[in-house]
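Straight run, no breaks: the first sequence in this note's numbering ends on number 597.
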Amino acid sequence: MVEFIVYNTLTRRKEIFEPLHPPFVGLYVCGPTVYSDAHLGHARPAITFDLLFRYLRYIGYKVRYVRNITDVGHLENDADAGRDKVATQALLEQIEPMEVVQRYSDNYHHNMDQLNVLKPSIEPRASGHIPEQLDMVAKILDKGFAYISNGSVYFDVEKYNLNNHYGKLSGRIVEDLLASTRDLDGQEEKKNMYDFALWKKALPEHIMRWNSPWSIGFPGWHIECSAMSTKYLGDVFDIHGGGMDLMFPHHECEIAQSKIANGNDSVRYWMHNNMITINGQKMGKSLGNGILLDQLFSGNHPLLEKPYDPMTIRFFILQAHYRSTLDFSNEALQASEKGLARLMKSVAMLPGLPVSDETTINLAEWKANCYNALNDDLNTPILIAHLFDMVRLINLMSEGREKITTADLETLVQQFRQFTLDILGLREDPESGPDSQMLPKLMELILDLRQEAKKNKDFALSDRIRDELGKLGIVVKDRKDGADWETLK
RNA sequence: GGUCACAUGGCCGAGUGGUCAGGCAACGGUCUGCAAAACCGUGUACAGCGGUUCGAGUCCGCUUGUGACCUCCA
């Protein structure tokens with residue numbers, strides 16, 4: 109098996125990936141909280157870890173990919189008087205909380221399909237795993253690392269930190285946390301400000317509530333991931349992923365909870381994708397600069413000059429390394445759109461290339477370059493650069509200026525499609541509906557007529573045909589022996 | 001305020017100390033009746049100032065700027 113290197117946030121360095129029980133790999137990724145439509149930010153981790161999922165499978169691992177749906181609203185903040193996001197949305201829309209959850213889960217799934225993000229192996233919901241969460245809270249209480257206060261259960265960070273380092277993932281020190289924690293309401297229930305809730309007692313207005321030994325209430329914000337990852341991947345598993353913004357406190361809390369409940373560190377490799385920025389600033393709910401995926405695909409947003417195809421978004425995201433911030437702009441997106449079109453055109457024309465009795469390009473080296481890029485912490489920008497190198501060669505081969513044998517072409521077709529379609533997950537334009545069959549036939553007819561006009565030196569007519577088609581968004585491209593066409597997006 | 005990142009050519013974005021990544025845009029050329037596409041060629045990019053080194057975008061220090069986390073967030 110190839111040497112695959114990943115950057116482990118925990119150690120802050122690149123490490124050779126070695127699963128605990130090869131060929132099996134356990135992968136857990138923090139999914140969305142479904143209280144609103146999916147936005148551009150949701151696309152980044154989904155695509156990043158979709159790529160990881162695809163690549164791990166491609167190099168031969170059997171991956172169990174667990175990505176949760178958070179459908180227990182959790183609190184707006186730790187000391188909030190009791191508004192949870194799902195319940196708040198339910199009140200606004202005058203529907204059941206579970207209707208909110210259903211609606212936005214459906215939207216998320218639809219957007220993920222559009223982005224060609226594969227479904228995870230298991231997609232557990234927090235609300236469906238209340239018993240597991242209760243068990244875990246009870247375990248932590250039994251071991252003496254949590255305390256009950258007014259019906260709520262809090263994790264005792266101070267005690268944990270005596271023999272462990274709370275903050276090791278995000279590089280924080282508990283003493284520093286004390287100095288920077290703000291004065292919030294409801295803190296008096298906790299021994300220390302940095303303690304976090306494992307279980308919260310519900311106030312009367314709280315509509316999402318479950319029974320527990322401590323109170324009628326709901327689970328704390330971090331326990332679901334620990335409970336569900338343990339249930340489906342075991343006490344120790346290979347990779348935990350998520351957005352960088354979840355490092356603290358979410359993942360830090362997960363580490364602490366799991367360590368106490370399971371008796372060991374659960375996660376071997378932590379991987380975090382960076383944020384998408386708009387005009388250099390992180391997009392976020394509170395900043396009011398978010399763009400929904402539906403808006404991106406429809407163009408219906410003040411910041412958007414036009415609609416963008418889901419594949420353009422996917423390609424745009426893959427053109428940056430997942431650990432870099434990626435700045436959104438119409439200009440950048442349109443550059444991606446054009447680049448993607450060029451790449452996909454090569455995918456389409458590749459099988460039809462003329463063959464020769466010799467091969468003049470270095471296939472083995474090219475393939476090795478592609479793999480080396482992926483093996484180096486999923487360096488998709490480098491991979492894509494190599495793919496474009498091949499695009500150039502493919503075009504040269506089509507012009508007969510480089511040569512390839514039948515056997516090598518077969519290999520190249522397979523490999524190029526694997527990198528482009530299977531691993532990067534780019535999708536060719538789906539041909540669907542009867543109209544898509546009609547258009548090529550009409551175009552064939554029109555271009556034949558134009559060819560005849562040209563033969564008769566009736567350039568006025570042939571130019572008119574080309575210009576009028578251009579106005580309809582169809583570009584005519586003359587070749588030596590005829591003409592090609594393509595539609596402009 | 002605390003902690004931590006990052007600053008690359010018109011735009012986006014890679015870069016493991018020593019052969020100009022790549023994409024988009026621009027310019028010149030080839031091919032075309034003309035265009036488009038494709039191909040070929042062109043750009044003295046690495047925030048500033050010091051330092052280490054035979055050699056630094058790449059290491060170290062300082063300065064400036066931007067951002068992230070510390071509160072829900074992908």
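Yeah, the Cβ is synthetic: ideal placement off N, Cα and C, and Gly gets one too.
For V375 and L128, believed in contact at Cβ under 8 Å, the rounded distance: The count along the first sequence starts at 1 and reaches residue 128 at position 20. The count along the first sequence starts at 1 and reaches residue 375 at position 267. Not a contact, Cβ separation roughly 11 Å.
Which residue comes first and which comes last in the alpha helix (DSSP H) that contains S86? Residue 86 is absent from the model: the chain starts at 109 and stops at 597.
Who pairs with F263 in a beta bridge, going by DSSP? For the purposes of this step, residue 263 is identified with residue 155 of the first sequence, where counting begins at 1. According to DSSP, F263 bridges with A254, F304.
P232 to L441 span [Cα, whole Å]: Start at 1 with the first residue of the first sequence, and residue 232 comes out as number 124. Start at 1 with the first residue of the first sequence, and residue 441 comes out as number 333. The straight-line gap separating the alpha-carbon atoms of P232 and L441 is approximately 33 Å.
Could you tell me which uninterrupted alpha helix (DSSP H) segments, each at least 4 residues in length, are contained entirely in the segment 412-479, listed from first to last along the chain? 418-426, 438-457
Going by DSSP in three states, K122 sits in which element: helix, strand or coil? For the purposes of this step, residue 122 is taken as residue 14 along the first sequence, with counting starting at 1. The three-state secondary structure of K122, taken from DSSP, is strand.
According to DSSP, simplified to helix, strand and coil, what is L177? Translated into the one-based positions of the first sequence, residue 177 becomes position 69. In the sequence as presented, Leu is not what sits at residue 177; that position holds Ile. Note: I177 maps to strand in three-state DSSP.
Here's a check: name, in chain order, each residue in its chain whose Cβ is nearer than 6 Å to the Cβ of H330, leaving out the five neighbours to either side. Taking the first residue of the first sequence as 1, we reach residue 330 at position 222. Only H358, C361, E362 meet the Cβ criterion.
Assign F112 to one of two classes, buried (16 or more other C-beta atoms within 10 Å of its C-beta) or exposed (fewer than that). Reading the first sequence from its first residue, position 4 is the one you call residue 112. F112 should be labelled buried.
Just checking my contact of I281 with A369 at CB under 8 Å: how many whole Å lie between their CB atoms? If you number the first sequence from 1, residue 281 lands on position 173. If you number the first sequence from 1, residue 369 lands on position 261. About 24 Å; that fails the 8 Å criterion.
What number of angstroms, rounded off, separates the C-alpha of I124 from the C-alpha of D485? Residue 124 sits at position 16 when you count from the first residue of the first sequence. Residue 485 sits at position 377 when you count from the first residue of the first sequence. Taking the straight line joining both Cα atoms gives about 9 Å.
If you scan the segment 325-362 from start to end, which runs of the beta strand (DSSP E) of 3 or more residues do you find wholly inside it? 325-327, 345-351
For R211, tell me which candidate among G325, S144, K251 has the shortest Cα-Cα distance. The residue given as residue 211 occupies position 103 in the first sequence. Taking only the C-alpha atoms, the option nearest R211 is S144.
Buried or exposed: which applies to K193, given that a residue is buried once 16 or more other Cβ atoms fall within 10 Å of its Cβ? In the first sequence, counting from the first residue as 1, residue 193 sits at position 85. So K193 ends up on the buried side.
What do you get for K622, buried or exposed, if any count of 16 or more other CB atoms within 10 angstroms of its CB means buried? Because the chain spans 109 through 597 in this model, residue 622 falls outside it and cannot be assessed.
I need the straight-line Cα distance from L159 to N483, nearest angstrom please. Sequence index remark: in the first sequence, residue 159 carries index 51 (1-based). Sequence index remark: in the first sequence, residue 483 carries index 375 (1-based). Between L159 and N483, the C-alpha separation is close to 12 Å.
Roughly how many angstroms lie between the CA atoms of A414 and F496, to the nearest whole one? Position 306 of the first sequence holds residue 414. Position 388 of the first sequence holds residue 496. The sequence given here places Lys at residue 414; Ala does not occur at that position. Going by the C-alpha atoms only, they are around 26 Å apart.
Distance check for Y416 and A489, CA to CA, integer angstroms please. The count along the first sequence starts at 1 and reaches residue 489 at position 381. The count along the first sequence starts at 1 and reaches residue 416 at position 308. Here the sequence assigns Pro to residue 489, which means Ala is not the residue at that position. Using only the alpha carbons, I get a separation of about 20 Å.
Starting from the C-beta of L577, find all residues in its chain whose C-beta is less than 8 Å away, skip the five residues before and the five after it, and write them out in chain order. As a working note, residue 577 is residue 469 in the first sequence. Closer than 8 Å at the Cβ level, and outside the excluded window around L577, lie I554, V583, V584, W593.
G407, DSSP secondary structure in three states: Mapped onto the first sequence, residue 407 falls at position 299. Note: G407 maps to coil in three-state DSSP.
Where does F524 sit, in a helix, a strand or coil, going by DSSP? Numbered from its first residue, the first sequence carries residue 524 at position 416. Here F524 sits in helix by DSSP.
Tell me whether K565 is buried or exposed, calling it buried when 16 or more other Cβ atoms sit within 10 Å of its Cβ. The sequence position of residue 565 within the first sequence is 457, counting from 1. Looking at its Cβ environment, which holds fewer than 16 other Cβ atoms inside 10 Å, K565 is exposed.
On the CB-based measure, 16 or more other CB atoms within 10 Å of its CB, does T528 come out buried or exposed? Taking the first sequence and counting its residues from 1, one reaches residue 528 at position 420. Counting Cβ neighbours within 10 Å, T528 comes out buried, since at least 16 surround it.
I need the DSSP call for R233, collapsed to helix, strand or coil. The sequence position of residue 233 within the first sequence is 125, counting from 1. Correct three-state label for R233: strand.
Measuring CB to CB, does G179 end up less than 8 Å from V209? If you number the first sequence from 1, residue 179 lands on position 71. If you number the first sequence from 1, residue 209 lands on position 101. Reading off the sequence shown, one finds Asp at residue 179, where the question assumed Gly. The Cβ-Cβ distance between D179 and V209 falls below 8 Å.
My output table needs one value for F112: the three-state DSSP class, helix, strand or coil. Counted from its first residue, the first sequence places residue 112 at position 4. The three-state secondary structure of F112, taken from DSSP, is coil.
Which ranges does the alpha helix (DSSP H) cover as unbroken runs of at least 4 residues, wholly within the segment 552-595, from first to last along the chain? 567-579
Along the chain, where does the alpha helix (DSSP H) containing L495 start, and where does it finish? Numbered from its first residue, the first sequence carries residue 495 at position 387. Counting along the chain, the alpha helix (DSSP H) containing L495 begins and ends at 488-506.
Mapping DSSP to helix, strand and coil, what is Q365? If you number the first sequence from 1, residue 365 lands on position 257. Helix, per DSSP.
Same chain, Cβ closer than 6 Å to A428, neighbours up to 5 away in sequence not counted: In the first sequence, residue 428 corresponds to position 320, counting from 1. Excluding residues within five positions, the ones whose Cβ falls inside 6 Å are L434.
For R535 and D250, I'd like the C-alpha separation in whole angstroms. Walking along the first sequence from the start, residue 535 turns up at place 427. Walking along the first sequence from the start, residue 250 turns up at place 142. Answer to the nearest angstrom: the Cα atoms are 51 Å apart.
Locate the beta strand (DSSP E) running through G134, then write down its first and last residues. Within the first sequence, residue 134 is the residue found at index 26, counting from 1. For G134, the enclosing beta strand (DSSP E) begins and ends at 132-137.
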